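Using my numbering, the letters of the sequence shown correspond one by one to residues 8 to 195. Where is the CB? At the ideal position from N, CA and C, for every residue including glycine. Just so it is clear, the structure is predicted and the values come from calculations on it, not from any experiment.
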Amino acid sequence: MQFAGIRRREACGYRITGNGEKMIMYKVRERHHRLPREYYRGQITVIFTACILKRRPFFLSNKIVDPDVEMFARVLVKNKCIAPVYCFMPEHLHVMIQGQADDSDAWQAMVDFKQRSGYWFWVNCCITRWQKDFYDHIVRKSEDLGAQVRYILENPVRRGLVKHWWEYPFLGAIGCDLGEIIDSLVCF
């Protein structure tokens, strides 16, 4: 039977709740929003944004951010990538990942980082988790790379956390020098 305005969902099984009741489980339909994986491979630049579950502030101290940067560095090397700029905001991460070889994999680098850091969160500090997915944007050759770098660096300023981006402690670069990146921009 179908009620007005309510569509029937397909049940995929049952689960027993904590109090012993039977609960119907439904299939969750997910829309694939990503480009094919091959678009993330090679010498390309991708901007990623990953959020902490329920956007709870988490990246608030070096005790949390420093191990994440170290994990990210290892994952980037494994996937033959660098991060010209990253910014750990209190409840999310912005990062630009660039492939350095034909077999680089920016998407896999991000997936590996989320998996390793999520495990580290669980073992070392708390029950904080990443949201299931992340946002990504493949930077086209026609786009202004400097504008993308500025956007990431200015996040803490727009949020009112600092007056100038260089005052924010949780941003930097991995595999290259952020100062050189900034110097190469025509106008910051």
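The stretch 172-183 and the stretch 125-141 do not touch, with fewer than 3 CB-CB distances between them shorter than 8 Å. Only exposed fits Ile134, as fewer than 16 other CB atoms lie within 10 angstroms of its CB. Linking Val92 to Glu187 through their CA atoms gives a straight-line distance of about 11 Å.
When DSSP states are grouped into helix, strand and coil, Val169 belongs to the coil group. Phe66 sits away from Met103, with the two beta carbons spaced by 9 Å or more. By alpha-carbon distance to Trp173, the top candidate from Val76, Cys94, Arg123 and Ser111 is Cys94.
When the Cα atoms are used, Gln107 and Pro163 turn out to be separated by approximately 28 Å. Assigned with DSSP and collapsed to three states, Gln107 falls in coil, not helix or strand.
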